[in-house]
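J.: Numbering (the numbering used here), first residue to last: 3 to 93.
All C-beta atoms in this analysis are idealised placements derived from N, C-alpha and C, irrespective of residue type, glycine included.
1) Are residue 1 and residue 24 closer than 8 Å when you measure CB to CB?
2) Here's the rule: buried if 16 or more other CB atoms are within 10 angstroms of the residue's CB, otherwise exposed. What is residue 56?
3) Within 10 Å of its beta-carbon, does residue 45 have 16 or more other beta-carbons around it, so buried, or fewer, so exposed?
4) In its own chain, which residues sit with a C-beta less than 7 Å from the C-beta of residue 77, not counting the 5 before and 5 after it?
5) Suppose the cutoff is 7 Å on Cβ atoms and the five residues either side in sequence are ignored; what does the same chain contact list for residue 38 look like?
6) Return the first residue and the last residue of the alpha helix (DSSP H) that residue 69 is part of.
7) Between residue 29 and residue 80, how many whole angstroms is the CB-CB distance? I'm expecting something under 8 Å.
8) Within its chain, find whatever has a CB closer than 7 Å to the CB of residue 26; leave out the 5 residues flanking it on each side and keep chain order.
9) Could you tell me the alpha carbon to alpha carbon distance between residue 54 and residue 67, rounded to whole angstroms?
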């Protein structure tokens, strides 16, 4: 069972890195031209919308309360960590 857990962790880490890099490029390209304040506002808006969407989607799926709470916490934490890692590149 140990190798399966490690394989799953590797896959999850690879997906997280890939998603982060894709989003970083997309967000940078879409919002860079408006200045740093607007960039930060856009990232915050995306974060809030993503967390709201996570909560709504789980309610619609009819998951158990325990699963819903756990997934909400983990997914919301991932979204916040990911989006707060984006910084405005002045270059």
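T.: Result, derived from the coordinates:
1) Any property of residue 1 remains undetermined from this structure, which presents the chain solely from 3 to 93.
2) buried
3) buried
4) 56
5) 90
6) 67 to 86
7) Contact doesn't hold; Cβ gap of about 16 Å is too wide.
8) 88
9) 17 Å
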